[in-house]
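UniProt numbering puts the first residue of the sequence shown at 1, with every later residue one more than the last.
Just so it is clear, CB atoms sit at the ideal spot from N, CA and C, and this is done for glycine as well.
This report concerns only the one structure given below.
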Amino acid sequence: MLSSISYRIEVSSIDGFQGREADVIVFVTVRCKEHREIGFLKDMRRMNVALTRARSALIVVGSRVTLTEGTADEESASMWRRLLGSLTEVKLEVPVKG
Numbered sequence: 001m002l003s004s005i006s007y008r009i010e011v012s013s014i015d016g017f018q019g020r021e022a023d024v025i026v027f028v029t030v031r032c033k034e035h036r037e038i039g040f041l042k043d044m045r046r047m048n049v050a051l052t053r054a055r056s057a058l059i060v061v062g063s064r065v066t067l068t069e070g071t072a073d074e075e076s077a078s079m080w081r082r083l084l085g086s087l088t089e090v091k092l093e094v095p096v097k098g
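Here it is in structure tokens:
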């Protein structure tokens with residue numbers, strides 16, 4: 001059965017994906033910074049694009065601590081806290097220790 005299914009995997013940045021959709025999106029928020037600054041992840045317009053382009057499933061990979069505490073911008077930290085809190089509330093968060 002799997003041999004009859006066609007898979008198409010595309011890798012893109014948030015900016016490169018604007019205006020498009022996909023059935024499944026894996027949104028990797030990992031930052032390679034010595035300091036926990038979240039950079040482009042604090043831009044609400046980019047967050048809108050990242051979180052609204054999946055038709056069936058959205059998988060977000062990242063550090064809860066970095067996303068909720070890794071910025072001086074309280075508005076974006078608050079947005080991440082609300083989003084992650086909602087996922088925890090409905091049991092859609094899968095914590096991984098590492």
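### Query
Comparing alpha-carbon positions, which option in 46, 63, 86, 70 lies nearest residue 96?
Along the sequence shown, one-based indexing puts residue 96 at 96. The shortest Cα separation from residue 96 among 46, 63, 86, 70 belongs to 63.
### Query
Whose CA, out of 18, 19, 48, 23, lies closest to the CA of residue 9?
Position 9 of the sequence shown, counted from the start, is the residue given in the question as residue 9. The shortest C-alpha separation from residue 9 is found at 23.
### Assigned exposure category for residue 85 - 16 Cβ within 10 Å defines buried
The residue labelled residue 85 in the question sits at position 85 within the sequence shown. That one is exposed.
#### Entry: Host alpha helix (DSSP H) of residue 86 (start-end)
In the sequence shown, the residue the question calls residue 86 occupies position 86. 74–89 is the span of the alpha helix (DSSP H), which, as asked, contains residue 86.
### Message
Would you call the segment 44–57 in contact with the segment 14–23, where contact means no fewer than 3 C-beta pairs closer than 8 Å?
### Response
yes
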